[in-house]
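Novice: One structure follows; several queries about it will come next.
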Amino acid sequence: CTAVLAVQCVSGRIWEFPITLIAMEPQVDDIILTEATEFDKTSAVGFRLTSTTRRPELFTAAFLPGSSSEFTVTPASGMLPPVGSTGALITVSFTPTASGKHRARLTIQV
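Number 30 in my numbering belongs to position 34 of the sequence shown; there are no gaps in the numbering.
Okay, structure coming up:
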């Protein structure tokens, strides 16, 4: 994506700077493994997250397109408490309905 950044001085003069923005895939922070013992039986794993600042932050959690629908995340949105606190509990559940490998990519946005 390209854009032009326009900076205006108090005197009214305007400087224009062309910029190019490049979006890349985010780095994987962690890998969560869960095992299912039988079909239609849910297994779950939980982890805690905090804000990266001293202030609470709203978040949303969702699986990226292409993820298996047999995974769910709760809560799907909420408040991350400040850094240094216990953190909000995020739970990823897996309920297999068929054999084979099941993969999902979870993203949590603040």
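Glycine included, C-beta positions come from ideal geometry on N, C-alpha and C.
#1: Counting pairs of beta carbons, one from the segment 69 to 78 and one from the segment 44 to 56, are three or more of them closer than 8 Å?
#2: Identify whether Phe55 lies in helix, strand or coil by the three-state DSSP scheme.
#3: Output needed for Arg44: all residues of its chain with C-beta closer than 8 Å, excluding positions within five of it in sequence on either side, in chain order.
#4: Please classify Ala71 as buried or exposed, where buried requires at least 16 other C-beta atoms within 10 Å of its C-beta.
#5: Does the beta-carbon of Val3 have 16 or more other beta-carbons within 10 angstroms, so that it is buried, or is it exposed?
#6: Quick test of your reading: Ala40 and Val88, contact by CB under 8 Å. State the CB separation rounded to the nearest angstrom.
#7: DSSP three-state label for Ser89, please.
#8: How many angstroms separate the CA atom of Val24 from the CA atom of Glu12?
Specialist: The structure says:
#1: Segments in contact, yes.
#2: strand
#3: Thr82, Gly83, Ala84, Leu85, Ile86
#4: Rather than Ala, the amino acid found at residue 71 in this sequence is Pro. So Pro71 ends up on the exposed side.
#5: exposed
#6: Between the beta-carbon of Ala40 and that of Val88 there is about 7 Å, and that keeps the pair under the 8 Å contact cut.
#7: strand
#8: Between Val24 and Glu12, the C-alpha separation is close to 36 Å.
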